[in-house]
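Visitor: Got a structure here, written out as structure tokens. Questions coming.
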Amino acid sequence: MTSTDNSLMRKYTELDTYGRQLMDFPMRNLGLTVCFFALLKPSLFDLNSTVTLACRLASVAVFAWMLYRYVSSKTKLSTPLVLFVLFRVSFLLPTLANNGDVLNWGYTTLGQVALFALIEWETREGGDRALDCFKILRTLLAAYLVANCLMIVFDFGSVQRLQSDGEITTWYLLGIRTRVTDCFFPALMISLIVDRLKGKQIGVLTLAILFVGIVQISLLEVTTAFAGLAVFAVAFAATTLSQTMNVRLSVRAIIVIGLAITILVVGFRIQEHFAEFLATVFDKSATLTGRTELWDSAFGIIGSSPVFGYGINDSVGAFVPWRGMYWQVHNQWLQLLYDGGIVAASLFVMFICAAGRNLEKSRELDKVIIPAKSTLLAFMVMMVSEIYTYNMGLFFLAPFTMAALPNFAISHDSETAKSRTELA
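In terms of the numbering used here, the sequence shown has 459 at position 278, counting the first letter as 1, and numbering is strictly consecutive.
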């Protein structure tokens with residue numbers, strides 16, 4: 182074979198490789214979009230048994246696919262992923278012991294583990310491939326927010342549901358009115374992260390997410406979301422300022438702050454000293470719309486099984502027995518203790534700490550990690566009166582994203598080393 186033939190062969194190979202990459206790009210992104218949609222299906226779809234079944238089967242398929250990829254490639258599981266699996270497994274024993282909803286636990290576990298594994302796999306090498314993964318998540322969550330906003334503003338597509346206590350509840354795409362919070366904060370976080378990874382301060386899509394989010398929480402009067410947004414803004418500004426002074430707010434400190442606020446509000450009822458302020462500004466009583474009654478009911482029940490809890494969907498009406506219906510305790514920490522006891526709550530803390538452990542190790546990530554930490558702190562404050570590990574599980578996108586961010590620093594360091602080698 183002549184040198185001309187070799188040259189033509191090389192060019193053909195390069196063109197073939199480039200063509201395969203062009204074909205792979207849209208197919209990969211389409212596949213990721215479908216997977217993320219199945220794993221993060223809108224809550225309104227839960228009202229349709231056929232759609233719910235289809236999404237559950239798709240979640241199982243994604244889990245099986247991710248399991249195959251990890252096993253066949255002999256890829257080592259990360260510490261955050263292992264801890265998250267243990268966290269979900271910790272609910273199994275009490276669920277079985279108390280005749281709870283094992284199927285619900287199983288589908289939720291497979292879906293959330295598959296989501297974490299998918300994000301970890303697609304972002305493990307950093308660079309453009311990882312950025313594409315975040316872009317897809319951002320676009321999907323933004324689409325959810327826009328659709329939910331249109332349903333609220335133009336009053337179409339929502340579903341009226343009669344609850345067992347006789348009350349009628351309106352369901353939008355993301356669920357009942359308070360659940361817009363679940364999607365708004367992760368969408369804002371991921372969009373800000375994408376902007377900063379691309380060298381921007383704030384992009385058009387981020388502004389759009391912020392706008393439609395504020396419109397919804399204003400129209401639906403979601404007080405918790407306003408409090409969370411205020412915390413997010415303060416944390417964002419404070420974290421930005423502190424980093425200029427080489428002072429960093431660690432993930433462990435964020436968890437401590439969240440627990441401290443929960444103890445002050447739930448345990449010591451510090452809000453009773455600000456009853457007039459709450460009534461004037463938020464039109465709320467010191468009971469926080471009856472939440473103190475839920476907490477009082479929860480203390481004795483949790484105290485009867487503090488180590489392992491009662492499992493998922495057990496003991497209908499446990500927290501509000503006079504209503505004769507299952508009711509969430511409206512505090513994330515109490516709900517964790519009820520569902521899985523001290524074991525689950527401890528693994529929850531360990532998982533989040535592990536997810537944020539490597540965020541401080543690279544200066545290149547200084548500006549990128551600010552949205553992640555601000556979002557986590559906002560959730561920790563909102564957890565005082567709401568829970569976020571149910572519903573669509575969108576809260577977990579915050580720690581999942583935090584666990585993936587260090588890969589961008591690794592890819593940056595690799596590219597820097599490569600460029601230095603080429604210059605040498």
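Backbone N, C-alpha and C define an ideal beta-carbon position, used for all residues, glycine too.
None of the values given here were measured: they were computed from a predicted structure.
(1) Can you give the beta carbon distance from PRO580 to ILE533, rounded, assuming they're within the 8 Å contact cut?
(2) How would you write the range of the beta strand (DSSP E) that ILE349 sits in, first residue to last?
(3) Under 7 Å, do ALA479 and LEU515 count as touching if we go by C-beta distance?
(4) What are the boundary residues of the alpha helix (DSSP H) that includes ASP309?
(5) Can you tell which of VAL232, VAL266, THR231 and SER230 has its C-alpha closest to the C-alpha of LEU244?
(6) Are the CB atoms of THR421 and ILE317 within a distance shorter than 7 Å?
(7) Considering only residues of the region 335-421, which uninterrupted beta strand (DSSP E) runs meet the minimum length of 3 residues and lie entirely inside it, listed in chain order?
(8) Whole-angstrom Cβ separation of ILE568 and GLN513, contact assumed at under 8 Å?
(9) Can you tell me where the alpha helix (DSSP H) holding GLU453 begins and where it ends?
(10) From this set, TYR491, PRO587 and LEU575, which residue's C-alpha is nearest MET370's C-alpha?
(11) Consult DSSP for TYR251 and reduce its assignment to one of helix, strand or coil.
(12) Are the Cβ atoms of GLY521 and GLY484 separated by less than 7 Å?
(13) Output yes or no for whether 7 Å exceeds the beta carbon distance between LEU135 and GLY292.
(14) Considering just the uninterrupted stretch of the alpha helix (DSSP H) at GLU567, what are its terminal residues?
(15) Can you look up TYR519 in the DSSP assignment and give me helix, strand or coil?
(16) On the CB-based measure, 16 or more other CB atoms within 10 Å of its CB, does PRO587 come out buried or exposed?
(17) By Cβ distance below 7 Å, which residues in the same chain neighbour THR233 in space, the five residues on each side in sequence not counted?
(18) Look at the alpha carbon of ALA585 and the alpha carbon of THR461, and state the distance between them as a whole number of angstroms.
(19) Let's see if you can read the secondary structure: which residues bound the alpha helix (DSSP H) around ASN285?
(20) Cα-Cα, which of PHE407, CYS314, VAL393 and GLY338 is closest to ILE374?
(21) Would GLN341 pass as a contact of ILE349 if the rule is Cβ separation under 7 Å?
(22) Using a 10 Å radius around the Cβ and a threshold of 16 neighbouring Cβ atoms, would you call SER240 buried or exposed?
(23) Between the region 350-368 and the region 394-409, do at least 3 Cβ pairs fall closer than 8 Å?
(24) If we call anything under 7 Å between Cβ atoms a contact, is SER339 one with TYR353?
(25) Alpha carbons only, please: which of GLY471, CYS330, LEU378 and PHE272 is nearest the one belonging to ASP309?
(26) From VAL412 to LEU388, what distance separates their C-alpha atoms?
(27) Report yes if the CB atom of PHE297 is closer than 7 Å to the CB atom of LEU264, and no otherwise.
(28) Alpha carbons only, please: which of LEU274, ILE383 and VAL393 is nearest the one belonging to LEU322?
(29) Measure the alpha-carbon distance for ILE444 versus ARG358 and round it to whole angstroms.
(30) Work out the CA separation of GLU453 and PHE217 for me, nearest whole Å.
(31) For my contact list, ALA311 and MET247 are in at a C-beta cut-off of 8 Å; report their separation, rounded to the angstrom.
(32) How close, in whole Å, do the beta carbons of VAL562 and ALA434 come, if the pair is a contact with beta carbons under 8 Å?
Guide: Taking the definition as stated:
(1) Approximately 5 Å separates the beta-carbon atoms of PRO580 and ILE533; this is inside 8 Å, confirming the contact.
(2) 349-352
(3) yes
(4) Membership of ASP309 in the alpha helix (DSSP H) is indicated by the continuous run 308-334.
(5) Per the sequence presented here, residue 244 reads as Phe, with Leu not at that position. Per the Cα distances, VAL266.
(6) no
(7) 340-343 and 349-352
(8) 5 Å
(9) Looking at the DSSP string, GLU453 is not in any alpha helix (DSSP H), and its letter there is neither H nor E.
(10) LEU575
(11) helix
(12) no
(13) With the chain represented from 182 up to 605, any question about residue 135 goes unanswered, as that position is not in the structure.
(14) From DSSP, GLU567 is part of no alpha helix (DSSP H); its letter is neither H nor E.
(15) helix
(16) buried
(17) PHE226 and ASP227
(18) Spanning the alpha carbons of ALA585 and THR461 requires a straight line of approximately 42 Å.
(19) Residues 283-304.
(20) CYS314
(21) yes
(22) buried
(23) yes
(24) yes
(25) LEU378
(26) Each residue's alpha carbon lies about 18 Å from the other.
(27) no
(28) The closest CA to that of LEU322, considering only LEU274, ILE383 and VAL393, is found on VAL393.
(29) 27 Å
(30) Straight-line Cα distance between these residues: approximately 43 Å.
(31) About 16 Å separates the two Cβ atoms, so there is no contact after all.
(32) With a Cβ gap of about 14 Å, VAL562 and ALA434 do not count as contacting.
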